[in-house]
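K.L.:
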Amino acid sequence: MAENVGSTTPTSDNRKADFEQAMNLTGFGTFNLVLLIVGIFASCAASFETTTMSYILPIAECDLKMTLFDKGILNGATYAGMISSAVIWGYLADTIGRRKVLIYGFLIDAVCVLCSSLSQNFEMLVAFKFLGGFIVNGPGAVLLTYLTEMHGSAHRPRVLMVYGMVMSLATLIMPLLAWAIFPQDWEFVLFNYLIIHPWQIFLAVCSLPSIIGGLGLIALPESPKFLMSQGRNAEALLAFQKIYSINKRTSRNTYPVYIILDKVIIHFIILLYSLGQRTG
159 MAENVGSTTP TSDNRKADFE QAMNLTGFGT FNLVLLIVGI FASCAASFET TTMSYILPIA
219 ECDLKMTLFD KGILNGATYA GMISSAVIWG YLADTIGRRK VLIYGFLIDA VCVLCSSLSQ
279 NFEMLVAFKF LGGFIVNGPG AVLLTYLTEM HGSAHRPRVL MVYGMVMSLA TLIMPLLAWA
339 IFPQDWEFVL FNYLIIHPWQ IFLAVCSLPS IIGGLGLIAL PESPKFLMSQ GRNAEALLAF
399 QKIYSINKRT SRNTYPVYII LDKVIIHFII LLYSLGQRTG
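Numbering (my numbering), first residue to last: 159 to 438.
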């Protein structure tokens with residue numbers, strides 16, 4: 159029994175596996191590439207939310223009639239929102255799931271960014287930047303957990319490396335967007351009321367990663383690790399089967415695992431086996 163549980167590939171007589179074994183059996187392929195692409199947009203969304211103010215403060219200063227104190231408040235509004243929601247998101251991620259936090263978080267963040275791009279005064283912009291920081295803090299942190307839980311141990315370190323590289327590249331994308339948009343003479347009135355300036359168009363463009371990331375995550379399954387932590391092993395097995403079928407381009411019924419075992423159960427089986435060996 160111990161050999162079957164500890165092996166990498168379950169035998170035909172006992173097709174059981176823990177999380178690491180089950181995830182490694184799904185392989186690395188199309189699903190993981192799609193996940194990484196969606197993750198790239200999502201990570202850019204988290205990075206954009208915290209850095210946009212650094213670019214729009216000089217150009218929006220006159221439009222919003224901001225003082226030096228106002229600019230300091232605006233620059234810290236996003237971080238104030240992130241600090242105030244730090245505990246809440248950890249609880250939600252461990253109760254309602256990683257996927258829901260990511261989807262709703264990034265889509266609501268996109269709404270906040272779009273609303274901030276329509277701001278006509280300082281107070282409105284501060285309010286939506288605070289809300290944006292409050293919202294994006296959750297999916298921004300959960301994204302890393304989700305990415306690691308959706309990869310086997312063999313590929314997990316590389317995924318973390320790619321994630322770090324993307325976060326760094328996102329800081330290079332921002333000045334390029336600013337360089338392309340700010341010099342343009344794009345000023346118009348929307349709905350006969352909203353005056354739009356280039357810096358507002360810049361903010362609207364910065365909402366695209368949140369939109370793409372949130373919509374892309376709808377097509378991805380919940381983290382099997384989370385499902386197992388909730389005792390929903392049957393749903394975790396379905397998630398493993400979906401990943402396997404996409405990566406291997408075959409039927410999910412060919413996935414070589416039928417039963418997902420919790421770590422506690424595995425250790426209990428090994429303990430019983432060890433006791434049996436000693437008494438025998």
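Where a beta carbon is used, it is the ideal one built from N, C-alpha and C, also for glycine.
#1: What does DSSP give as the partner residue(s) for ALA175 in the beta ladder?
#2: Rounded to whole angstroms, how far is the Cβ of TYR321 from the Cβ of LEU302, which I believe are closer than 8 Å?
#3: Tell me which residues share the same chain as ALA268 and place their Cβ nearer than 6 Å to its Cβ, disregarding the 5 neighbours each side in the sequence.
#4: Would you grab the beta carbon distance between LEU260 and TYR304 for me? Rounded to a whole angstrom, and I think it's under 8 Å.
#5: By Cβ distance below 6 Å, which residues in the same chain neighbour LEU447 in space, the five residues on each side in sequence not counted?
#6: From ILE418, PRO414, GLY374, pick the residue whose C-alpha is nearest to that of ASN391; which is it?
#7: Looking at the secondary structure, which residues open and close the alpha helix (DSSP H) in which PHE346 lies?
#8: Since TYR416 and LEU183 are thought to touch, with beta carbons under 8 Å apart, how far apart are those beta carbons, to the nearest angstrom?
#9: Is it the case that the segment 195-206 contacts the segment 224-238, given that we only count it when at least three CB pairs across the two stretches are under 8 Å?
#10: Please go through the same chain and pick out, in chain order, the residues whose beta-carbon is closer than 6 Å to the beta-carbon of VAL294, but skip the five residues on each side of it.
#11: Could you tell me which of PHE398, GLY255, LEU373 sits nearest to ASP176, measuring between CA atoms?
#12: From GLN342 to PRO356, what distance separates their C-alpha atoms?
#13: For a test of the three-state rule: what should DSSP assign to LEU352, helix, strand or coil?
#14: I believe VAL196 touches LEU375 by the beta-carbon criterion, under 8 Å. Please report the beta-carbon distance rounded to the nearest angstrom.
#15: Which residue comes first and which comes last in the alpha helix (DSSP H) that contains GLU281?
#16: Give the secondary structure of GLU393 by DSSP, where H, G and I count as helix, E and B as strand, and everything else as coil.
#17: Could you check what DSSP says for SER277 in three-state terms: helix, strand or coil?
#18: For TYR249, count neighbouring Cβ atoms within 10 angstroms of its own Cβ and tell me buried if that reaches 16, exposed if not.
#19: Which of the three DSSP states, helix, strand or coil, is assigned to ALA244?
#20: Flag this pair as yes or no: are the beta carbons of CYS273 and PHE286 separated by less than 7 Å?
#21: Considering only the alpha carbon of each residue, which of LYS406, MET181, PRO414 lies closest to THR188?
#22: Name the two residues that bound the continuous alpha helix (DSSP H) containing CYS202.
#23: Span of the alpha helix (DSSP H) holding TYR413?
#24: Between the C-alpha atoms of GLY389 and ALA251, what's the straight-line distance to the nearest angstrom?
#25: Expressed to the nearest angstrom, what Euclidean distance is found between the alpha-carbon atoms of GLY164 and LEU191?
#26: Under 7 Å between the Cβ atoms of PHE384 and ARG173?
#27: Any idea if ALA394 is buried or exposed, counting beta-carbon neighbours within 10 angstroms, 16 or more meaning buried?
P.N.:
A quick look at the data gives this:
#1: Translated into the one-based positions of the sequence shown, residue 175 becomes position 17. DSSP lists ILE418 as partners of ALA175.
#2: Taking the first residue of the sequence shown as 1, we reach residue 321 at position 163. Taking the first residue of the sequence shown as 1, we reach residue 302 at position 144. Confirmed, Cβ separation roughly 6 Å.
#3: Residue mapping note: residue 268 aligns to position 110 of the sequence shown, counting from 1. SER365, SER368, ILE369, listed in sequence order.
#4: By 1-based counting over the sequence shown, the position of residue 260 is 102. By 1-based counting over the sequence shown, the position of residue 304 is 146. That belief holds up - the Cβ atoms of LEU260 and TYR304 are roughly 6 Å apart, short of 8 Å.
#5: An answer regarding residue 447 cannot be provided, because it is not within the stretch 159 to 438 covered by the chain.
#6: Within the sequence shown, numbered from 1, the residue matching residue 391 stands at position 233. The residue with the shortest Cα to Cα distance from ASN391 is ILE418.
#7: If you number the sequence shown from 1, residue 346 lands on position 188. PHE346 -> not in any alpha helix (DSSP H); beta strand (DSSP E) instead, spanning 346-348.
#8: Numbered from 1 along the sequence shown, position 258 holds the residue referred to as residue 416. Numbered from 1 along the sequence shown, position 25 holds the residue referred to as residue 183. Between LEU183 and TYR416 the Cβ distance is about 12 Å, and since that is not below 8 Å, they are no contact.
#9: no
#10: The residue you call residue 294 lines up with position 136 of the sequence shown. Within the same chain, VAL294 has close Cβ partners ALA204, GLU207, ASP267.
#11: Taking the first residue of the sequence shown as 1, we reach residue 176 at position 18. Cα-wise, what sits closest to ASP176 is PHE398.
#12: Mapped onto the sequence shown, residue 342 falls at position 184. Mapped onto the sequence shown, residue 356 falls at position 198. Their backbone Cα atoms lie some 7 Å apart in a straight line.
#13: Taking the sequence shown and counting its residues from 1, the one referred to as residue 352 is at position 194. Note: LEU352 maps to strand in three-state DSSP.
#14: Start at 1 with the first residue of the sequence shown, and residue 196 comes out as number 38. Start at 1 with the first residue of the sequence shown, and residue 375 comes out as number 217. 6 Å between Cβ atoms; contact.
#15: As a position in the sequence shown, residue 281 is number 123, starting the count at 1. Counting along the chain, the alpha helix (DSSP H) containing GLU281 begins and ends at 280-307.
#16: Counting from 1 along the sequence shown, the entry for residue 393 is found at position 235. Helix at GLU393.
#17: Sequence index remark: in the sequence shown, residue 277 carries index 119 (1-based). Here SER277 sits in coil by DSSP.
#18: Position 91 of the sequence shown, counted from the first residue, corresponds to residue 249. Classification of TYR249: exposed, given that the 10 Å Cβ count is below 16.
#19: Counting from one through the sequence shown, the residue named residue 244 turns up at place 86. In this structure, ALA244 counts as helix in the three-state DSSP scheme.
#20: If you number the sequence shown from 1, residue 273 lands on position 115. If you number the sequence shown from 1, residue 286 lands on position 128. The answer is yes: Cβ separation under 7 Å.
#21: Counting from one through the sequence shown, the residue named residue 188 turns up at place 30. Per the Cα distances, LYS406.
#22: Taking the first residue of the sequence shown as position 1, residue 202 is located at position 44. First-last of the alpha helix (DSSP H) with CYS202: 188-218.
#23: Here the question's residue 413 lines up with position 255 in the sequence shown. First-last for TYR413: undefined, no H or E at that position.
#24: Reading the sequence shown from its first residue, position 231 is the one you call residue 389. Reading the sequence shown from its first residue, position 93 is the one you call residue 251. If you take the alpha carbons of GLY389 and ALA251, they lie about 16 Å apart.
#25: As a first step, residue 164 is located in the sequence shown; it is residue number 6 there, counting from the start. As a first step, residue 191 is located in the sequence shown; it is residue number 33 there, counting from the start. Residue placement at GLY164 cannot be trusted, given a pLDDT of 40 that sits under 50; what the coordinates show is reported in the next sentence. Roughly 29 Å separates the two Cα atoms.
#26: As a first step, residue 384 must be located in the sequence shown, where it is residue number 226. As a first step, residue 173 must be located in the sequence shown, where it is residue number 15. Not a contact, by the Cβ cut-off of 7 Å.
#27: Sequence index remark: in the sequence shown, residue 394 carries index 236 (1-based). With 16 or more Cβ atoms within 10 Å of its Cβ, ALA394 is classed as buried.
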